[in-house]
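S.K.: Under mature numbering (1 follows the signal peptide of the UniProt record, and there is no 0), the letters of the sequence shown match residues -21 to -1, 1 to 382, in that order.
For every residue, glycine included, the Cβ atom is placed at its ideal position computed from N, Cα and C.
As the structure is a prediction and not an experimental result, all values here were calculated from the model.
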Amino acid sequence: MKKLLLIFVFLFLNLSAEVITNTIVKTATGTGFGLSREEAINNAIIEALGKIQGVKIKSTKILSTTAVTKGSKSDLQDVYSSNISRITNGRVDGFSVDNITEFDGRFEADVTIKKIKTSKKYKTPGLDPNNRRKIAVFPVFSDKNYFVVLNQKISKYDLTNPLTQDILSAITNTRKFTVLDRVSDSNVYDIEESIISSKQAARDEIFKLGNVLGADYILTVNISDFSVSKNSSSITQTQNKINARIEYRVLTMATRQVKFAKVKNFSFNVSTNSLNNEISKITQKMAYDISAEIIDTIYPIKIADVINGEVIISQNLKVGEIYEVFSQGKQIVDPYTKEIVSRIENRVGSIEIIRLNSKISYAKILDGSVRKGDICRKNGGNVGIGKDSGVKIKNSGGVELPF
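1. Lys93 and Gly73: beta carbons closer than 7 Å?
2. Please confirm if the segment 276 to 290 is in contact with the segment 160 to 170, defined as three or more CB-CB distances below 8 Å between the two stretches.
3. Runs of 4 residues minimum, wholly inside the segment 112 to 191: which ones carry the alpha helix (DSSP H) assignment?
4. Might you give, ordered along the chain, the residues of its own chain that have their beta carbon closer than 7 Å to the beta carbon of Asn22, omitting 5 neighbours on each side?
5. Below 7 Å between beta carbons: does that hold for Leu159 and Ala115?
6. According to DSSP, is Arg326 helix, strand or coil?
7. Within this structure, are the beta carbons of Val200 and Val128 separated by less than 7 Å?
8. Just to confirm, are Tyr101 and Phe186 a CB contact at a threshold of 7 Å?
9. Which of the three DSSP states, helix, strand or coil, is assigned to Thr234?
10. Quick one: measure Cβ to Cβ for Arg322 and Ile311, integer angstroms, because I've assumed they're closer than 8 Å.
11. To which residues of the same chain is Ser306 closer than 6 Å at the C-beta, ignoring the five residues directly before and after it?
12. Can you check which of these residues, Pro279, Arg224, Ile150, is closest to residue 396 by C-alpha distance?
13. So Ala149 and Ala266 are supposed to be a Cβ contact under 8 Å. How far apart are they, rounded?
14. In the DSSP assignment, find the alpha helix (DSSP H) that holds Lys30 and state where it starts and stops.
15. Got a sec, what are the start and stop residues for the beta strand (DSSP E) Val298 sits in?
16. Hey, out of Asn255, Glu303, Asp89, Lys297, whose CA is closest to Lys132's CA?
17. Tell me whether Glu17 is buried or exposed, calling it buried when 16 or more other Cβ atoms sit within 10 Å of its Cβ.
18. Hey, could you find the ends of the beta strand (DSSP E) Leu345 is sitting in?
19. Mind checking who Gly352 pairs with in its DSSP beta bridge?
20. If we count the other Cβ atoms within 10 Å of its Cβ and call it buried at 16 or more, is Ile(-2) buried or exposed?
21. For Val90 and Ile3, I'd like the C-alpha separation in whole angstroms.
22. Identify the residues that DSSP records as bridge partners of Asn1: which are they?
23. In angstroms with no decimal places, state the Cα-to-Cα distance between Ser206 and Asn248.
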């Protein structure tokens, strides 16, 4: 019996993790008067019904006429409950007589009407996606149909498609945004939606529909240039330099404001005999740098904890990267807008990423003394004054971005 109970509890918890059932009991009271007990109850019910939103009584004679034909108190309540349900189209589930008194040939009755409302809602697996700001990454595009690389034409899709996927992966791995899909073919979702809507699907599967999220921010990326210039050559191979120019913008969906925009130039040394393999590495590098800049503007990397001399960062970085560590000081206020635009940053040390897992990076301290909450900047970045993230953490777990 205990085993059966444990299995039932386990199944219930798993179901409730996907579809949550909420039950709301709504009550309304009413007081009625009449020359008979039945008439007083009838008028009390009518008053209570009027207090429940959306209930309209077109006829009250059905209640009183039927009630008179019944003798016992139990039969009276059963008849009233049945007729209440019928007259209100099932929007009232029953009533109880709280008190009834007689004075000078007149009756006064107090009743309570009960309405039970049950609703179900699908719960997304894992963390609540609404606790993070939502960003939609649109497919990378280019105004050019192809690029000429070493006298060969490369279709723009050979660059835009892998770069799109690499940017999606890079931003998702930061775990700072709810990343929305705007890349997959709509047919992928159409097929699944048709299955969920079919008669073969379980009843609660239908609650998965109607939950598509809209974006708070939109990321657009354009490849405006991708060319190769000859660099140097040797007996075995020729070294070439690939130059790429990427333009990207972060837009606010609601207002279509440009909140963040940048043009970034990349340069990579590649060999002639491995160009195809190098393109994959190039798109990964560009995606990582673009996502890192966006995240650093909004969420500068902070030390989550320092345990036994090892630094923990709640973000997926790269092994071997070196970061300068800064403590934050005085706020800098723009004299015109009066907005807090930055903070003085005082260097306190440096760290190197030595290992990581899917959600956390670990670093060793190279010099100085660092502590939880310090800001980490990529080695070679601006020192002395840095841009404050301006991110405010809400009590509910969500965030309020500076833009």
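M.R.: Once the coordinates are examined:
1. Taking 7 Å as the Cβ cut-off, Lys93 and Gly73 qualify as a contacting pair.
2. No: the two stretches stay apart, fewer than three of their Cβ pairs being nearer than 8 Å.
3. Annotation note: the segment 112 to 191 contains the following uninterrupted alpha helix (DSSP H) runs of length 4 or greater, listed N- to C-terminal: 136 to 153, 165 to 176.
4. So the qualifying residues of the chain are Gly11, Phe12, Gly13.
5. Between Leu159 and Ala115, the C-beta spacing is below 7 Å.
6. In the three-state reduction of the DSSP assignment, Arg326 falls in the strand class.
7. It is not a contact, given that the beta carbons lie outside the stated cut-off.
8. Yes, Cβ-Cβ distance for Tyr101 and Phe186 is below 7 Å.
9. Residue state, collapsed to three classes: coil.
10. Arg322 to Ile311, Cβ: 6 Å. Contact.
11. Cβ contact annotation for Ser306 (same chain, cutoff 6 Å, sequence separation greater than five): Asn325, Val327, Asp353, in chain order.
12. With the chain covering only -21 through 382, there is no way to say anything about residue 396.
13. At roughly 5 Å, the Cβ-Cβ gap stays under 8 Å, so Ala149 and Ala266 are in contact.
14. Run containing Lys30: 16 to 30, per the alpha helix (DSSP H) assignment.
15. No beta strand (DSSP E) holds Val298; DSSP gives it neither H nor E.
16. Here the closest residue by C-alpha is Asn255.
17. Burial is judged here by how many other beta carbons sit within 10 angstroms of a residue's own beta carbon; Glu17 has at least 16 and is buried.
18. Start and end: 340 to 347.
19. Residue pairing from DSSP leaves Gly352 without any beta-bridge partner.
20. With fewer than 16 other beta carbons inside 10 angstroms of its own, Ile(-2) counts as exposed.
21. Computed Cα separation, rounded: 20 Å.
22. According to DSSP, which records beta bridges pairwise, Asn1 is partnered with Ser98.
23. Their backbone Cα atoms lie some 12 Å apart in a straight line.
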